[in-house]
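Enquirer:
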Amino acid sequence: MLDLKRLRTEPETVAELLKKKGHDFDVAAFSALEEKRKALQVDTESLQNERNTKSRNIGNAKAAGEDIAPLLAEVDDLKATLQKKEVELDVIVGELETILHGVPNIPDERVPEGADEESNQEIRTWGKPRSFDFEAKDHIELGEARGGLDFETAVKITGSRFVVMQGEVAKLHRALVQFMLDVHTTEHGYTEVNVPNMVNAESAFGTGQLPKFADDLFELKDDRGFYLIPTAEVPVTNIVRDEIVEADALPMKFACHSPCFRSEAGSYGKDTRGMIRQHQFEKVELVQLVKPEQSKQAHEDLTHHAEVILQKLELPYRVVILCGGDLGFSAELTYDIEVWVPGQDTFREISSCSNFGDFQARRMQARWRNPNTGKPELIHTVNGSGLAVGRTLIAVLENYQNADGSVTVPLALQPYMGGASTILFP
RNA sequence: GGAGAGGUGGCCGAGUGGUUGAAGGCGCGCCCCUGCUAAGGGCGUAUAGGUUAACUCUUAUCGAGGGUUCGAAUCCCUCCCUCUCCGCCA
C-alpha cells in the first residue's frame, strides 16, 4: 500500500512512476473522489462536533437539575442529518480504499523498462553449464524411468500438477531442505521458524496477495475464510503485523521451510509437464524485517545467501533484475536467480528476491520505535526463496545425471544422504 | 464439543451511560535535588485522520462489526481471541 499522503499531494508523479509497472493510475478519478471525501469529511466532523457539544450540554443541564426538553428538541433532526452524511462518507472512503488497495508499489529507479520477462536484465552469471558426452535427459524421463517421480499416480490421488516422489528421490528432496536450512541458520544468521500453512485474510492482505490476487490462492471452503499459503512469506512476514518493535529487535531474519500452494490460475498450458510448475511445492523462504535504511543492503545480502546454496551445490546460474512489467505487485526491486536446466537447455527461475520497502509494512501496520524521533515508523520487508526445493531437485537430477541413468550426489549433500555418492532410482 | 471467566494505552491495571483519550502504577524522555554506583521530586509520554503557513481547533479509536441513546469503554446482539475445568484427539 502506498502512502495516502503522497498519493494526495503528488498524484501525477506517482502515476508517472507507476507507468513503468504497466499500471494505469487514474488521477482524475482519484482526485474527484478525494474532493468529495474532503468536503464530506469536513461536513460530517462539524456535525459530530455539534452533537458532542450539545450532548455534553444536556449532560450538564441534567446534572444541574434543569429541564432538558428544549435541548433535546435542538438535537432532534441532527441525528438523522449526521447519519446520512456518515453513510455517504463511508461509501466514498470505501471507494478510495478499493483504489488504494489495488495500486502496486512504485518500482525502484534501477528497475529497467519493459513489458515482460524479455526485458529482464542479466546482471551476473556463475558457473558453466556442463557439456554432456551423452544425450542428457530431462527430470521427467530420469524420474519416471523407475518410479522416483510418479506423475501418473499423483493424477489419480489428486490431479494434474502434483507429483509423488519415492525412494532416493524423496530422500534427496528432504536432504535439500535440511541442507538449505542448515546453511542459512549456521552461516547466514537466520532463525529457523515453523509457521501455520494456512492464513487468515488479514495476513494475506498484509503481504499483498489480497484483495487483487485471490484467484491465485486456494481458499478453504469453511466459514473461517482461511487460505493455504502460496509461500511462507505470508505467515512469516505477518509475524510483525500490528506490532511496534523496539529498535534493537531489528533486523529480524527468518528462514522457513514450508509447502506452498498455488492455484496457478492463468498458467494453463505453461510447463504442464514435469514438476516445474506445481499446485504444491516446497520452499525454504528467507525473510528479513529491517529498519528502512537497511533494506537495500539486506536485499543484496539475502540474494547472495540464496546464491550460496547454488554455489555449494555447484549448479550454474544467473541473476536477472526484473523489468517493470515483470515485477510483482508489492515489490520495488526483484532479483530472480535462474538455475541451468539441461533438459530444457535454458535457465529457469529458482528464487525470487525482493525488496518491498514499506509497502507490505504499511498494509500490516508493522512498525518499529525510532529512538531518534520516539515515534513508531514503518519497517521495511525483504524476502526471497533460498531456494525452491522442487526446482532445485530438478536441477540436481538433470545437472548431475550419468549416462547409465544414475545421479551423482553433490558433495555438499552427501552428509545428508548417509554418505552416498550416487543414487539410483528405485 | 460442554461449563465458566475475561479482552482497556509500550506494559500492568482502575473504570457499568454524561468534560474519561481514559485514574493509578511500571517503563521511557527531559529537568531539579542529592555528590556517589541508593533514593527523592517536577514535567512530559497513544495511534490514525481532517483543518491551518503555523499555533490552534477538530474527528475517530477501550478485541471486531452492528444496534439502543441527545450522549456508549460502560447497555443489547453477532463474531473473533485468551484463560480455567470437563470431554475428545495426533
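Going by our numbering, the first residue of the first sequence is number -17, and it counts up by one from there.
Even glycine gets a Cβ: it sits at the ideal position worked out from N, Cα and C.
This one's a predicted model, so the numbers in the text were calculated from it and none came from an experiment.
(1) So Thr219 packs on Val269, CB below 8 Å; how close in whole Å?
(2) Taking all protein chains shown into account, decide if Ile139 is buried (16 or more other Cβ within 10 angstroms of its Cβ) or exposed.
(3) Measure the alpha-carbon distance for Phe341 versus Gly366 and round it to whole angstroms.
(4) Would you call the stretch 160 to 175 and the stretch 192 to 200 touching, i.e. three or more CB-CB distances under 8 Å?
(5) Put Tyr317 into one of helix, strand or coil per three-state DSSP.
(6) Mind the definition here: the stretch 323 to 335 touches the stretch 356 to 373 only if three or more C-beta pairs lie below 8 Å; say whether that holds.
(7) What are the start and end residues of each continuous alpha helix (DSSP H) run of 4 or more residues lying completely inside the stretch 36 to 115, in chain order?
(8) By the three-class DSSP mapping on this structure, what secondary structure does Ala370 have?
(9) May I have a chain-ordered list of the alpha helix (DSSP H) segments no shorter than 4 residues that lie completely inside the stretch 371 to 401?
(10) In the DSSP assignment, the alpha helix (DSSP H) including Ser334 goes from what residue to what residue?
(11) Thinking just about the alpha-carbon of each residue, which of Thr189, Asp6, Met234 is nearest to the one in Pro274?
(12) Could you tell me which of Cys305, Leu395, Ile376 sits nearest to Ser101, measuring between CA atoms?
(13) Could you spell out the range, first to last residue, of the alpha helix (DSSP H) harbouring Arg419?
(14) How many angstroms separate the CA atom of Ala14 from the CA atom of Asp72?
(15) Does Thr213 pass the burial test, meaning 16 or more other C-beta atoms within 10 Å, or should it be called exposed?
(16) First and last residue of the alpha helix (DSSP H) that includes Leu297?
(17) Going by DSSP, what residues sit across from Lys265 in a beta bridge?
(18) Near Ala97, what residues of its chain come up, given a Cβ to Cβ distance below 7 Å and the 5 sequence neighbours on each side ignored?
(19) Would you list the one or two residues that DSSP bridges to Met147?
(20) May I ask you to list the residues that DSSP assigns as paired with His362?
(21) Just confirm the distance between the C-beta atoms of Glu(-6) and Gly109, as a whole number of angstroms; I'd bet it's less than 8 Å.
(22) Work out the CA separation of Glu32 and Lys44 for me, nearest whole Å.
(23) Under 9 Å, do Gly325 and Lys20 count as touching if we go by C-beta distance?
(24) Apply the 10 Å Cβ neighbour rule to Ser403 and answer buried if 16 or more other Cβ atoms are within range, or exposed otherwise.
(25) Determine the contact status of Leu271 and Ala348, defining contact as a CB-CB distance below 9 Å.
(26) Between Asn39 and Asp25, what straight-line distance do the alpha-carbon atoms span, to the nearest angstrom?
(27) Quick one: grab the DSSP three-state call for Ile303.
(28) In this structure, does DSSP put Glu228 in helix, strand or coil?
(29) By DSSP's criteria, Ile405 is part of a beta bridge. Which residues make up the other side?
(30) Smallest Cα separation from Asp90: which of Phe338, Leu154, Asp6?
Expert: With the given structure in hand:
(1) Contact holds; Cβ gap of about 6 Å.
(2) Answer is exposed; the Cβ neighbour count stays below 16.
(3) Computed Cα separation, rounded: 16 Å.
(4) Counting Cβ pairs under 8 Å, fewer than three are found: no touch.
(5) Residue state for Tyr317 is assigned as strand, using DSSP reduced to three classes.
(6) Yes: the two stretches touch, three or more of their Cβ pairs being nearer than 8 Å.
(7) Whole alpha helix (DSSP H) segments, 4+ residues: 51 to 56, 60 to 84.
(8) Looking at Ala370 - three-state DSSP - the assignment turns out to be strand.
(9) With a minimum length of 4 residues, the continuous alpha helix (DSSP H) runs that stay inside the stretch 371 to 401 are 371 to 381.
(10) Bounds of any alpha helix (DSSP H) do not take in Ser334; it lies within the beta strand (DSSP E) bounded by 328 to 337.
(11) Among Thr189, Asp6, Met234, the Cα nearest to that of Pro274 is on Met234.
(12) Per the Cα distances, Cys305.
(13) Beyond the ends of the chain as shown, which are -17 and 408, falls residue 419; an answer cannot be given.
(14) CA-to-CA, the gap between Ala14 and Asp72 works out to about 16 Å.
(15) When all chains shown are included, Thr213 counts as buried.
(16) Counting along the chain, Leu297 falls outside any alpha helix (DSSP H), and DSSP gives it neither H nor E.
(17) Bridge partners of Lys265 according to DSSP: Ser240, Ala370.
(18) Answer for Ala97: Gly4, Gly307, listed in chain order.
(19) For Met147, which the question treats as bridged, DSSP gives the partners Leu131.
(20) Bridge partners of His362: Val272.
(21) Not quite, the Cβ-Cβ distance comes to about 46 Å (not below 8 Å), so this is no contact.
(22) Rounded to the nearest whole angstrom, the C-alpha separation of Lys44 and Glu32 is 18 Å.
(23) No.
(24) By the neighbour-count criterion, in which a residue is buried when 16 or more other Cβ atoms sit within 10 angstroms of its Cβ, Ser403 is exposed.
(25) Result yes, Cβ atoms of Leu271 and Ala348 sit closer than 9 Å.
(26) Near 21 Å, if we compare the C-alpha coordinates of Asp25 and Asn39.
(27) Here Ile303 sits in strand by DSSP.
(28) Glu228 falls in the strand class under three-state DSSP.
(29) According to DSSP, which records beta bridges pairwise, Ile405 is partnered with Val389.
(30) Of the listed residues, the one whose Cα sits closest to Asp90 is Phe338.
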